Amino acid sequence: MNALNGGDGDDILAGLGGADTLIGGLGSDTADYTASTAGVIISLEAGTVAGGHAVGDTLTSIENLTGSAFTDALTGTDAGANVLNGGDGNDALIGLGGADTLIGGAGTDTANYIASTAGVIVNLDTGTGSGGHAEGDTLTGIENLIGSSFDDTLTGTDADANILTGGAGNDVLAGLGGADTLDGGVGGSDTADYTASTVGVIISLETGTAA
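-5 is the number of the first residue of the sequence shown in our numbering; add one for each residue after it.
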């Protein structure tokens, strides 16, 4: 059991195993779980931790999270600008409010905006976000998106096979290149947008197939 107090400055705190107390103090501070031997589940907003080296930890005045080499779920805060770095593994990143930086790392990673209080516009190809909890967000190494309960516009990448999930609301989903999965979600009138396609498309909503 360690007690790490960063004090002033932008600190990186790694408690490793045991029920550690990580106190960032002033500055923009990071709890680092890179060495964890299993995936971690951490919410800075709720102050909850689980899994791997995070079990039993207490985090205070921490703005940023670095996940493990496994499957992590990292959640920021409503108040501040958080940097959430999933590392390796298939990670889920929820920035909440603020101009957050979401870094997926290796693996197939998802940015989740289900908690947003307004519709979001997120473009993985440009790495930008606006509206609701996406306002000011920067996204890197993210393959999949989950929208809000409102009207969202979600755009994938030309290079990857993206999964875009609109959720409730009237959503516009543009997968761009790759073998994408477009899920309009329950309710609403949702649109699959192929405006950017460089050739004609053949689509059947009845069978759910495209060519």
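Don't be surprised by glycine CBs; every beta carbon is placed ideally from N, CA and C. Predicted model only: the values in this text are computed from it and were never measured.
Which residue or residues does DSSP assign as beta-bridge partners of D26? T60
Can you find a heavy atom of the ligand ATP that lies under 7 Å from the Cβ of T120? In the structure shown, the ligand ATP is absent, as is every other ligand, since no ligand is present at all.
My output table needs one value for G123: the three-state DSSP class, helix, strand or coil. strand
Classify I136: buried if its beta carbon has 16 or more other beta carbons within 10 angstroms, exposed otherwise. buried
Segment limits, beta strand (DSSP E) that includes T147: T147 to T149
D184 and G178 closer than 8 Å at C-beta: yes
In whole angstroms, what separates the C-alpha of N84 from that of N106? 13 Å
Pairwise C-alpha distance: G81 and T102: 11 Å
Alpha-carbon spacing of A173 relative to I196, whole angstroms: 14 Å
Quick one: give me the first and last residue of the beta strand (DSSP E) that D177 is part of. T175 to D177
Just the C-alpha distance for D131 and G92, rounded to the nearest angstrom, thanks. 8 Å
When the Cβ atoms of the segment 13 to 28 are set against those of the segment 40 to 52, are three or more pairs found closer than 8 Å? yes
For V43, report the span of its beta strand (DSSP E) as first-last. T42 to A44
Exposed or buried, which one is D2 when buried takes at least 16 other CB atoms within 10 Å? exposed
Pairwise C-alpha distance: V116 and G141: 9 Å
What does the Cβ neighbour count give for G202, buried or exposed, with the cut at 16 atoms within 10 Å? exposed
Here's a check: name, in chain order, each residue in its chain whose Cβ is nearer than 7 Å to the Cβ of G169, leaving out the five neighbours to either side. G150, N156, L158 and L176
What three-state label does DSSP hand A128 in the structure shown? helix
Report back the beta-carbon spacing between I35 and A67 to the nearest angstrom; my notes put them in contact at under 8 Å. 5 Å
Taking the alpha carbon of N58 as the point to measure from, which residue in T71, A40 and F64 has its own alpha carbon closest? T71
Counting C-beta neighbours from all protein chains within 10 Å, is the total for D5 16 or more, i.e. buried, or is it exposed? buried
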